[in-house]
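Visitor: One structure coming up, written as structure tokens, with questions to follow.
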Amino acid sequence: MDACVLKFGGTSLQDISRIKEIGKRIIKYKKLGKSPVVVVSAMNKTTDELIRMSKEFSLHPDKRELDLMLSTGEQVSASLLAIYLKAKGYKAISFNAFQLPIITDSDFGRAKILSVNVDKIKKHLEMDYIVVITGYQGVVNDTRNITTLGRGGSDTTALAMTLSLGLKSCEIFTDVDGVFTADPEMIPEAQKLNTISYEEMLELAGGGARVMHPRAVLLAQKNDIVIHVKNSFHNNPGTLIKNKQDINKSIVTGVTYTSNEARVSFEKIPVSEHKDYLSRIFRMIAEEEVNINLIAKNHSGDFADLSFAVEKSDLIRLVHLIKLLSQEIRARRVVFDTDFSRVTIIGSGMKNCPGVAFKMFSALQEKQIQIHMISTSDIKVSVFVDNKDLFTAVKAVHEKFELSKGPYRGDLGSTKQAFTS
Ligand code: ADP
Ligand code: ASP
Ligand code: MG
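Letter 277 of the sequence shown, counting from 1, is numbered 276 in numbering that gives the first Met the number 0, and no numbers are missing.
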């Protein structure tokens, strides 16, 4: 039995004719003697539509009910695919997370997988079945509540499945040819990458590139599983996501963005009165389990200004608490800005190469784009810009590093050249 995990995203399962095409592709694997375990997302836009309907009744729908409803999208595509495969004369069976089960914690909307029971899958593979699994969902062990893993979470189901079956690679089929130097939908001249390291892919995904779910990449990295991202409808070679030792490091591998950023700014916090203000603010955010994308602090005299960035969708949970806290620590005022985008360049060769941030900033400066905040790590530089500048910023940075020719390895030139070129 030569098991393989194949994941098909919602963009590839748009309608009945696409499901047929995917079915044919799976049959090809079967004919080659493989035993496919297929993970599917909901059909295109189904999840969006389910969310939209729930919002007709409440801006913050009950999380348990929402997850129960969202899990149905994947059940439709999994069973439809199994019905097609059976109609073509193959043994096929679909399972949802509850039936296996895939056990998660109870964090509705962004649950973490704790274990995957693959007994039923192995049994059916041995009996020559093609097994189809619903992505994106799990079940809580004691309550039997259904959970979902966060938007794009079917990738994580595929990686968890690969790991639990003891396999060393998995294939992620999507609507583009692989991972590109930028979102090919926004920047048509973006180049497909043949390989990308786990750490770079993590930063790309964390910076907003939808093509892989960040937790899926983390799982692959931890367990050294090679991810092969491919086009669902062509036989192009795709992109391998794998261990960095095997890959020549580039200074800038890609540029990515998210337009879902919000900034919170506390102005004029009287520091001497509230020396513990930092721990109070960030304890509150940690207790709400919200990730912070950036922190900036200014101290002058007896006062401090503090800004931090979170995802817009997380801000809604925090607003009330932040207002209360702002009064408690007697900040002069607190301001919420929800009109930000974050543009990020990533490259694992960046850490040994001064001048990268400078080159990025000069690209933005040439287009008169205002940078509101900056955050860096060893292998990334992120800037926060106004939403209106997003497209121009991504394009300018992509051009500046000549990413349409592929990853940037080249000469940064002198800082003087970078500003004048
Ligand atoms: P699926 O339904 O297959 O899971 P997604 O919509 O989640 O597909 O991810 C694929 C999309 O990710 C592509 O259509 C593309 O527009 C977007 N994307 C964003 N950044 C990148 C990138 N750097 N490389 C490839 N695709 C990207
Ligand atoms: N259907 C879910 C979503 O749209 C999960 C996925 O596509 O991976 O986010
Ligand atoms: Mg996806």
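Note that CB positions come from ideal geometry on N, CA and C, so glycine has one too.
As the structure is a prediction and not an experimental result, all values here were calculated from the model.
Would you list the one or two residues that DSSP bridges to residue 306?
Guide: Answer by DSSP bridge pairing, in chain order: 264, 295.
Visitor: Evaluate residue 299 with the Cβ neighbour count: other Cβ atoms within 10 Å of its Cβ, from every protein chain shown; 16 or more gives buried, anything less gives exposed.
Guide: Label assigned to residue 299: exposed.
Visitor: Within its chain, find whatever has a CB closer than 7 Å to the CB of residue 151; leave out the 5 residues flanking it on each side and keep chain order.
Guide: 209, 212.
Visitor: Can you list every residue whose CB sits closer than 5 Å to some heavy atom of the ligand MG, going in chain order?
Guide: Checking every Cβ against the heavy atoms of the ligand MG under 5 Å gives 8, 151.
Visitor: Quick check on residue 417: does DSSP put it in helix, strand or coil?
Guide: Low local confidence applies: a pLDDT of 43 at residue 417 is under 50, so the model's placement there is unreliable, with the coordinate-based value given in what follows. Residue 417 falls in the helix class under three-state DSSP.
Visitor: Would you be able to state if there are at least three C-beta pairs under 8 Å between the region 55 to 68 and the region 91 to 99?
Guide: At 8 Å Cβ cutoff, the stretches do not touch.
Visitor: Looking at residue 225 and residue 200, is the spacing between their C-beta atoms short of 8 Å?
Guide: Not closer than 8 Å, so no.
Visitor: If you measure from the CB of residue 154, is any heavy atom of the ligand ASP nearer than 7 Å?
Guide: Residue 154 Cβ: within cutoff of the ligand ASP.
Visitor: Rounded to whole angstroms, what is the Cα-Cα separation between residue 195 and residue 350?
Guide: Rounded to whole angstroms, residue 195 to residue 350 spans 16 Å at the Cα level.
Visitor: Is residue 253 a contact residue of the ligand ADP, with contact defined as CB to any heavy atom under 7 Å?
Guide: For the ligand ADP, at least one heavy atom lies less than 7 Å from the Cβ of residue 253.
Visitor: What residues match up with residue 336 in a beta bridge as DSSP calls it?
Guide: Answer is 262, bridged to residue 336.
Visitor: Looking only at its own chain, which residues have a Cβ that is under 7 Å from the Cβ of residue 307, when we skip the five neighbours before and after it?
Guide: Excluding positions up to five away in sequence, the list reads 263, 291, 293, 294.
Visitor: If I measure Cβ to Cβ from residue 283 and keep anything under 7 Å in the same chain, skipping five residues before and after, which residues do I get?
Guide: Same-chain partners within the cutoff: 320, 324.
Visitor: Check whether the Cβ atoms of residue 79 and residue 132 sit closer than 8 Å, and answer yes or no.
Guide: Cβ distance not < 8 Å, so residue 79 and residue 132 don't count as in contact.
Visitor: Can you give me the Cβ contacts of residue 115 inside the same chain, cut-off strictly under 7 Å, excluding the 5 residues immediately before and after it?
Guide: Once the five neighbours on either side are set aside, the close Cβ partners of residue 115 are 99, 101, 159, 160, 163.
Visitor: Short check: CB of residue 260 to CB of residue 383, under 8 Å?
Guide: Yes, they are a contact pair.
Visitor: With 16 as the cutoff for other CB atoms within 10 Å, does residue 31 come out buried or exposed?
Guide: Per the 10 Å Cβ criterion, exposed.
Visitor: Within a Cβ cutoff of 8 Å, which residues of the same chain sit near residue 415, ignoring the five residues on either side of it in sequence?
Guide: Its pLDDT being 42, under 50, residue 415 is placed unreliably in this model, and the value from its coordinates should be taken loosely. Excluding sequence neighbours, residue 415 sits near nothing in its chain.
Visitor: With a threshold of 7 Å on Cβ separation, who are the neighbours of residue 258 within its own chain once the five nearest residues in sequence on each side are excluded?
Guide: If we look at residue 258 and ignore the five residues flanking it on each side, its Cβ neighbours are 340, 386, 389.
Visitor: Which same chain residues, not among the five before or five after residue 145, have their C-beta less than 7 Å away from its C-beta?
Guide: Contacts found: 66, 67, 70, 97, 136, 138.
Visitor: Cutting at 6 Å between CB atoms, please list the residues of its own chain near residue 331, excluding the five before and the five after it.
Guide: Cβ neighbours of residue 331 beyond the five flanking positions: 266, 267.
Visitor: Could you have a look at residue 2 and say whether DSSP puts it in helix, strand or coil?
Guide: Note: residue 2 maps to strand in three-state DSSP.
Visitor: Please name the residue in 106, 227, 128 whose C-alpha comes closest to that of residue 175.
Guide: Nearest option by C-alpha distance: 227.
Visitor: Using a Cβ-Cβ cut-off of 6 Å (strictly less than) and excluding sequence neighbours within five positions of residue 334, which residues of its own chain qualify?
Guide: 264.
Visitor: Is residue 174 near the ligand ADP, going by C-beta to nearest heavy atom under 7 Å?
Guide: For the ligand ADP, at least one heavy atom lies less than 7 Å from the Cβ of residue 174.
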